[in-house]
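As given, the protein sequences belong to chains V and G, one line each in that order.
Each residue of the first sequence is one higher than the one before, starting from 259 at the first, in my numbering.
Each residue of the second sequence is one higher than the one before, starting from 2 at the first, in my numbering.
Idealized CB from N, CA, C, for every residue including glycine.
Report on the following structure.
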Amino acid sequence: MGKTIAEKIFESHTIDQPGEETFVITLDAVFCHEITTPTAILDLMERKMDKVFDPNKIKAVIDHVTPAKDSKTAQQGLILRNWAKKHKIKDFFDIGRNGVCHALFPEKGFVLPGFTIIMGDSHTCTHGAFGAFAAGVGTTDLEVGILKGVCSFQKPKTIKVEIKGNLKKGVYPKDIILSIISLIGVNGATDKVIEFTGAVVDNMGMDERMTLCNMAVEAGATSGICYPDIKTATYLWEFIKNKYNSVEDAVTDFSKLISDIDAVYEKIIVYDISDLVPLSTFGYKPDQVKPITEMEGTKIDQVYIGSCTNGRIEDLRIAASVLEGEKVADNVRGIVSPATPDIFKQAIKEGIIDTFMESGFCVTNPTCGACLGMSNGVLAEGEVCAATTNRNFNGRMGKGGMVHLMSPASAAASAIKGYITNSKLYEAGENK
Amino acid sequence: MKNFNGKVLFLDRNDINTDEIIPAKYLTEIDKKALKPYLLEDLKLDNFSTNKIIEKKAIITRTNFGCGSSREHAIWALEANDINVVVAGSFARIFRQNMFNCGMVATELPSEAIDEIFSIFSNVDTNITTDIEKQIITLSANKISKNYSFRISSFDKELVSIGGWVNYAHSKY
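As structure tokens, this is what we get:
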């Protein structure tokens, strides 16, 4: 019987099976941020077990609230900072070098095909874009990961989503993943891995695959995962060139991970996206999705472009191409948070930041920012935000606020008009 | 072991997420007990007010409870209120695992059983007793008492009895 990519990764990492369905696997990387890690650190100290399994496999960043906004967040940063120093965790990213964890860590080459990764953050599933098994966990799992380098999971049953067809101009991976979530529902993939395959995924760049995998958890999935290929190897080349003679060699090695032809799936969904249109969420759940045309005219107070879903350079390029020569509507506050310092620098170099600022956007430092209403960009009661983020939960961006999730193109277009609308990129494609 | 018996809080909705259980603005707390007053502050549910949490020791709810963010603060906010057991139609993976990791109980019942429980008990003061060995919960209100059997893996049972995943992993790996 053949195996899926997730089963292959599990098989090579399993060290114990403490229950019929439960597997304990070793971890290649444990990622940490300042919101969920300090409690784990303090608990380890209290238990007199303040050790780390391998300082080289632990990566830490202050990203959710940075620069600190008050004494409590300053204290969280301090705990993480002192701990990283004490345990000689060299890959610790503080002010000036920090950015959104799920954009920063792939950029640094910390995510490799076949890796097992946990983090105390549900969007850790993003890293499956590289052919890794990466899952969000709570603080207790994180604590054990830090101490022992292991984590327990259920046997990874997989739903394969084969995406085929031709994406219309002005329609993006964000629209694809929103439509998949609406198709299978917010608990449609609970306890399962979603394997994204097919020609459409093959043609996507790494930024786009990360957007796809990032929101797998919004359908309840443990992880999203894509097959590693030439694009993966090219993206990672700087970090793997000592291990392989050529990019092609790396691809050959990675291909061993790809699911076998006779692998067994929980479900296979073949999904043709040729007719897909730009989408937006409308309620408080990410599976409540409608075409932008049906939301047309919905008044907004804020537009937020950023986050681990859509704060990467490709996203900023697309948004800037919509904003070029335009102004943000009077009733709208536009906020953009480039996800990492490198993305920020690149966006400056390409004139993207200039375009954002000329159009009237506020540009923030790299941070999780408005996405979870913890630091900047919080909505007032009754306010509405068009956002490129991942969650539209009640109160997510501030008590009594409403969030509509959409692509960077749609968010930028909505900023100009002051209400939800399609971008000119899509409209131009329609008229072809 | 923690206490798994007492008065029940009924939350008649699917997909209650961890942002509703504990809003992100409180994730700046590093002391778990400080989360106590904020439990379910942003819950979107008709006729619900946080006063209803007082003296409750268990939650019974519908499907996909605890979806969204991985924040274990959701579990700690329950624990701080001495609510150590949640019975639901189903759970989000991370939430469920976090519960057992903290030595607490997240148990699933078939949707027919959940429907029955809501129709019989949700409008009256109800008490739960949880027998983990026999894998039975007993609900009682006025003169009605009903048993429901649930499944718990030997691994999860051990996590509950040993007080969570840190203790388990420390003794084994």
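Practice problem: Put residue 109 of chain G into one of helix, strand or coil per three-state DSSP. | Solution: Your numbering for residue 109 of chain G matches position 108 in the second sequence. Looking at residue 109 of chain G - three-state DSSP - the assignment turns out to be strand.
Quiz item: Based on the DSSP secondary-structure assignment, which residues constitute the bridge partners of residue 85 of chain G?
Solution: Residue 85 of chain G sits at position 84 when you count from the first residue of the second sequence. DSSP lists no bridge partner for residue 85 of chain G.
Quiz item: With a Cβ-Cβ cutoff of 8 Å, do residue 453 of chain V and residue 406 of chain V count as a contact?
Solution: In the first sequence, the residue the question calls residue 453 of chain V occupies position 195. In the first sequence, the residue the question calls residue 406 of chain V occupies position 148. Cβ atoms of residue 453 of chain V and residue 406 of chain V: not closer than 8 Å.
Self-check item: Distance between residue 588 of chain V and residue 690 of chain V (C-alpha atoms, nearest Å)
Solution: Within the first sequence, numbered from 1, the residue matching residue 690 of chain V stands at position 432. Within the first sequence, numbered from 1, the residue matching residue 588 of chain V stands at position 330. Below a pLDDT of 50, predicted positions are generally treated as unreliable, and residue 690 of chain V, at 38, falls in that range; the measurement from the model is reported next regardless. The alpha-carbon atoms of residue 690 of chain V and residue 588 of chain V are separated by roughly 32 Å.
Quiz item: residue 564 of chain V: buried (16+ other C-beta within 10 angstroms of its C-beta) or exposed?
Solution: Position 306 of the first sequence, counted from the start, is the residue given in the question as residue 564 of chain V. Residue 564 of chain V comes out buried.
Quiz item: What in chain G is Cβ-close to residue 632 of chain V, meaning under 7 Å?
Solution: Here residue 632 of chain V refers to the residue found at position 374 when the first sequence is read from its first residue. The contacting residues are 25, 26, 28.
Quiz item: What's the C-alpha gap between residue 570 of chain V and residue 263 of chain V?
Solution: The count along the first sequence starts at 1 and reaches residue 570 of chain V at position 312. The count along the first sequence starts at 1 and reaches residue 263 of chain V at position 5. Taking the straight line from one Cα to the other gives about 26 Å.
Quiz prompt | Those residues which DSSP pairs with residue 506 of chain V across a bridge | solution = In the first sequence, residue 506 of chain V corresponds to position 248, counting from 1. Paired residues: none, contrary to the question.
Practice problem: Please decide whether residue 14 of chain G counts as near chain V, where near means a Cβ-Cβ distance under 8 Å. | Solution: Taking the second sequence and counting its residues from 1, one reaches residue 14 of chain G at position 13. Chain V, which has no Cβ nearer than 8 Å to the Cβ of residue 14 of chain G, makes this no.
Self-check item: Burial state of residue 34 of chain G (16 or more Cβ within 10 Å)
Solution: Position 33 of the second sequence holds residue 34 of chain G. Residue 34 of chain G should be labelled exposed.
Quiz item: By Cβ distance, which residues of its chain are closer than 7 Å to residue 346 of chain V, with the 5 residues on each side in sequence left out?
Solution: The residue labelled residue 346 of chain V in the question sits at position 88 within the first sequence. Answer for residue 346 of chain V: 313, listed in chain order.
Quiz item: Taking the alpha-carbon positions, what's the residue 300 of chain V to residue 291 of chain V distance?
Solution: On the first sequence, residue 300 of chain V is found 42 positions in, with the first residue counted as 1. On the first sequence, residue 291 of chain V is found 33 positions in, with the first residue counted as 1. Put simply, the backbone Cα of residue 300 of chain V is about 14 Å away from that of residue 291 of chain V.
Quiz prompt | C-beta contact flag for residue 545 of chain V and residue 440 of chain V at 8 Å | solution = Along the first sequence, read from residue 1 onward, the residue named residue 545 of chain V stands at position 287. Along the first sequence, read from residue 1 onward, the residue named residue 440 of chain V stands at position 182. Yes, Cβ-Cβ distance for residue 545 of chain V and residue 440 of chain V is below 8 Å.
Quiz item: If we ignore side chains and look at the alpha-carbon of each, how far apart do residue 255 of chain V and residue 529 of chain V end up?
Solution: In the structure displayed, chain V extends from 259 to 690; residue 255 of chain V sits before or after that span and is not available.
Practice problem: Measure from the C-beta of residue 94 of chain G to each C-beta in chain A and report whether the shortest distance is under 8 Å. | Solution: Absent from the structure: chain A. Protein chains present are V and G.
Quiz prompt | chain G contacts made by the stretch 294-309 of chain V, where a contact means CB separation under 8 Å | solution = Taking 8 Å as the Cβ-Cβ cut-off against chain G, the residues of the stretch 294-309 of chain V that qualify are 294, 296, 297, 300, 301, 305, 307.
Self-check item: Endpoints, the alpha helix (DSSP H) within which residue 422 of chain V is located
Solution: Sequence index remark: in the first sequence, residue 422 of chain V carries index 164 (1-based). Segment 415-422 is the beta strand (DSSP E) holding residue 422 of chain V; no alpha helix (DSSP H) there.
Quiz item: Since residue 359 of chain V is in the alpha helix (DSSP H), which residue starts that stretch and which ends it?
Solution: If you number the first sequence from 1, residue 359 of chain V lands on position 101. For residue 359 of chain V, the enclosing alpha helix (DSSP H) begins and ends at 359-365.
Quiz prompt | Nearest-angstrom Cβ-Cβ length linking residue 643 of chain V and residue 522 of chain V, presumed shorter than 8 Å | solution = In the first sequence, the residue the question calls residue 643 of chain V occupies position 385. In the first sequence, the residue the question calls residue 522 of chain V occupies position 264. Contact flag wrong, Cβ pair sits at about 42 Å.
Quiz prompt | Sequence-distant residues of its chain with Cβ nearer than 6 Å to residue 578 of chain V (five each side left out) | solution = Translated into positions along the first sequence, residue 578 of chain V becomes position 320. Excluding residues within five positions, the ones whose Cβ falls inside 6 Å are 610, 613.
Self-check item: residue 651 of chain V burial status per 10 Å Cβ neighbour count (16 or more: buried)
Solution: Within the first sequence, residue 651 of chain V is the residue found at index 393, counting from 1. Buried: at least 16 other Cβ atoms inside 10 Å.
Quiz prompt | Per-residue DSSP class, three states only, for residue 614 of chain V | solution = If you number the first sequence from 1, residue 614 of chain V lands on position 356. Here residue 614 of chain V sits in helix by DSSP.
Exercise. Taking C-beta pairs closer than 8 Å, name the residues in chain G that residue 279 of chain V reaches, listed in chain order.
Key: Here residue 279 of chain V refers to the residue found at position 21 when the first sequence is read from its first residue. The answer, in chain order, is 154.
Quiz item: Where residue 65 of chain G and residue 671 of chain V are concerned, what is the direct C-alpha to C-alpha distance, given to the nearest angstrom?
Solution: Start at 1 with the first residue of the second sequence, and residue 65 of chain G comes out as number 64. Start at 1 with the first residue of the first sequence, and residue 671 of chain V comes out as number 413. So the alpha carbons of these two residues sit roughly 34 Å apart.
Quiz item: Shorter than 8 Å from the beta carbon of residue 507 of chain V to some beta carbon of chain G?
Solution: Start at 1 with the first residue of the first sequence, and residue 507 of chain V comes out as number 249. Residue 507 of chain V does not count as touching chain G.
Quiz item: Under the three-state reduction of DSSP, which class applies to residue 469 of chain V: helix, strand or coil?
Solution: The sequence position of residue 469 of chain V within the first sequence is 211, counting from 1. Three-state result, residue 469 of chain V: helix.
Practice problem: Tell me whether the beta-carbon of residue 378 of chain V lies closer than 8 Å to the beta-carbon of residue 402 of chain V. | Solution: For this step, residue 378 of chain V is matched to residue 120 along the first sequence. For this step, residue 402 of chain V is matched to residue 144 along the first sequence. Not closer than 8 Å, so no.
Quiz prompt | residue 416 of chain V at chain G interface by Cβ criterion, 8 Å | solution = Along the first sequence, read from residue 1 onward, the residue named residue 416 of chain V stands at position 158. No, residue 416 of chain V lies away from the interface with chain G (no Cβ there is under 8 Å from its Cβ).
Quiz item: Would residue 620 of chain V pass as a contact of residue 358 of chain V if the rule is Cβ separation under 8 Å?
Solution: Here residue 620 of chain V is taken as the residue at index 362 of the first sequence, counted from 1. Here residue 358 of chain V is taken as the residue at index 100 of the first sequence, counted from 1. The answer is no: Cβ separation not under 8 Å.
Self-check item: Cross-chain neighbours of residue 31 of chain G in chain V, by beta carbon under 8 Å
Solution: The residue given as residue 31 of chain G occupies position 30 in the second sequence. Neighbours of residue 31 of chain G on chain V, chain order: 296, 297, 300, 330, 333, 334, 337.
Practice problem: Let me know the beta strand (DSSP E) ranges lying completely inside the stretch 375-402 of chain V, each 3 residues or longer, listed in chain order. | Solution: 391-394
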